[in-house]
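Below you'll find the structure, written out as structure tokens, and then a few comments.
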Amino acid sequence: MATEGWIDLRELAERLANRSLKGRSEATVQSDVRMLLLAAGLNLTEGDVLDVKLESPLADRRRIDIEMGRTVIEVKRNLAPQGSLKDAATQLADYVEAKSSSLGQRYVGIVTDGRDWHLFHHGEGGLVAVAEHHVDPAAPNVEALVRWLGSVLTTEEQIAPTRQAIADQLGADSPGHELERATLNALYRANRSQPEVAIKRELWAKLLTTALGTQFSADEEDLFIEHTLLVATAECVAHATPGHENTG
Numbered sequence: 040m041a042t043e044g045w046i047d048l049r050e051l052a053e054r055l056a057n058r059s060l061k062g063r064s065e066a067t068v069q070s071d072v073r074m075l076l077l078a079a080g081l082n083l084t085e086g087d088v089l090d091v092k093l094e095s096p097l098a099d100r101r102r103i104d105i106e107m108g109r110t111v112i113e114v115k116r117n118l119a120p121q122g123s124l125k126d127a128a129t130q131l132a133d134y135v136e137a138k139s140s141s142l143g144q145r146y147v148g149i150v151t152d153g154r155d156w157h158l159f160h161h162g163e164g165g166l167v168a169v170a171e172h173h174v175d176p177a178a179p180n181v182e183a184l185v186r187w188l189g190s191v192l193t194t195e196e197q198i199a200p201t202r203q204a205i206a207d208q209l210g211a212d213s214p215g216h217e218l219e220r221a222t223l224n225a226l227y228r229a230n231r232s233q234p235e236v237a238i239k240r241e242l243w244a245k246l247l248t249t250a251l252g253t254q255f256s257a258d259e260e261d262l263f264i265e266h267t268l269l270v271a272t273a274e275c276v277a278h279a280t281p282g283h284e285n286t287g
């Protein structure tokens, strides 16, 4: 994946990760991030450029750098100074919350300076950090960065459900998995007192006790969430597998 569409992605990633590059500014980093998104094989064609709105104005006159689909990206020149990430996340918080509310579905935010990439979603109490990716400026791994972005943006279509593709998009180390887990965790915390949820939680614990001979208590909520996500993910993969017949 070194070159795509006449753009050397490896060179582009190296430039993005170099905070000491002469002439570097938020504008140049923003331009390079946009170029990366459109050239990295993330199912974004020239016609999709219109969907990437640079500097989308907010009601309070603050600016959002890049917006596409259900993701907004706040670009900074350098996230190394103490407090810079927190300040950037604060800029995103109201916007992500408003979009999540208006769309009625998950909307996520990314803060980046090209070297560090931080993923957030709107959770209880505001913006919550979900996952992060760091590019080594000495040896930038553009393939790993593109995989990370692909797992977050989910703009690619007709992905063959191979072992590697599943690991890249949904594996335990992928930001997509962390995002789904954070979303499911928030849903569970908000509804665990509901009778139906409590019953399913109890039945799950009994099944594990029967299978493993160990008594599971309410302290195993994280395991319950992880197992629920695993089952849901496996069902989605099965339905996407060629030759699968829906018997439900």
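Following our numbering, the numbering of the sequence shown begins with 40 at its first residue and continues without gaps.
Even glycine gets a Cβ: it sits at the ideal position worked out from N, Cα and C.
Review point. Just reading off the alpha helix (DSSP H) that Leu242 is part of, what are its end residues?
Key: Segment Pro234 to Leu251, the alpha helix (DSSP H) holding Leu242.
Check your understanding: Alpha carbon to alpha carbon, how far is Gly143 from Lys245?
Key -> Rounded to whole angstroms, Gly143 to Lys245 spans 35 angstroms at the Cα level.
Exercise for review: Using three-state DSSP, classify Trp45 as helix, strand or coil.
Suggested key: Three-state result, Trp45: coil.
Exercise for review: Starting from Ala170, trace the beta strand (DSSP E) both ways and give me its first and last residue.
Suggested key: Start and end: Gly165 to His173.
Review point. If you drop the 5 nearest sequence neighbours on each side, which residues of the same chain put their C-beta closer than 6 angstroms to that of Ala127?
Key: Once the five neighbours on either side are set aside, the close Cβ partners of Ala127 are Glu113, Lys115 and Val150.
**Study point:** Stretch pair the region 235-249 + the region 212-224: three plus CB contacts closer than 8 angstroms
**Key:** Look at the beta carbons and you see the region 235-249 not touching the region 212-224: under three pairs across the two are nearer than 8 angstroms.
Check your understanding: Considering Asp155, what are the terminal residues of the beta strand (DSSP E) in which it resides?
Key -> From DSSP, the beta strand (DSSP E) with Asp155 extends over Asp155 to Gly162.
Practice item. For Glu136, collect the residues of the same chain with a Cβ closer than 8 angstroms to its Cβ; drop the 5 residues on either side in sequence, then sort them by chain order. Key: Here the set comprises His161, Gly165 and Leu166.
Point to revise | DSSP state of Gly148 mapped onto helix, strand, coil | key: Gly148 falls in the strand class under three-state DSSP.
Point to revise | Candidates Gln121, Val181 and Val236: closest to Glu50 by CA position | key: When each option's Cα is compared against that of Glu50, the closest is Val181.
**Study point:** Residues of its chain near Asp207, where Cβ-Cβ distance is below 6 angstroms and the 5 sequence neighbours each way are ignored
**Key:** For Asp207, where only same-chain residues beyond five positions count, the Cβ hits under 6 angstroms are Arg186.
Point to revise | Cβ separation of Gln267 and Leu223, assumed to be a contact under 8 angstroms, to the nearest whole Å | key: Sequence inspection shows Thr at residue 267; the Gln mentioned does not correspond to that position. Sure, about 7 angstroms apart at Cβ, within 8 angstroms.
Review point. Nearest CA to the CA of Val147: which residue from Leu184, Thr272 and Ser190?
Key: Restricting attention to Leu184, Thr272 and Ser190, the CA atom closest to the CA of Val147 is found in Ser190.
Check your understanding: What residue range is occupied by the uninterrupted alpha helix (DSSP H) comprising Ala128?
Key -> Taken as a continuous stretch (DSSP letters only), the alpha helix (DSSP H) holding Ala128 covers Ser123 to Leu142.
Review point. First and last residue of the alpha helix (DSSP H) that includes Asp212?
Key: Counting along the chain, no alpha helix (DSSP H) covers Asp212, and no H or E run does either.
Practice item. Output the distance between the C-alpha atoms of His278 and Arg58, rounded to the nearest integer angstrom. Key: When the Cα atoms are used, His278 and Arg58 turn out to be separated by approximately 44 angstroms.
Check your understanding: Helix, strand or coil: which one does DSSP assign to Leu81?
Key -> Coil at Leu81, not helix or strand.
Check your understanding: Residue range of the alpha helix (DSSP H) that Glu182 falls in?
Key -> Looking at the DSSP string, the run of the alpha helix (DSSP H) that includes Glu182 is Val181 to Leu192.
Exercise for review: Could you name the residues of the same chain whose beta carbon sits closer than 7 angstroms to that of Glu195, not counting the 5 residues immediately before and after it, in chain order?
Suggested key: Here the set comprises Leu81, Asn82 and Gly189.
Check your understanding: Would Trp45 be called buried (16 or more neighbouring beta carbons within 10 Å of its own) or exposed?
Key -> By the neighbour-count rule (16 or more Cβ atoms within 10 Å), Trp45 is not buried but exposed.
**Study point:** For Lys138, the nearest candidate out of Glu106, His172, Asn230 and Thr201 (CA to CA)
**Key:** Minimum Cα distance to Lys138 is reached at Glu106.
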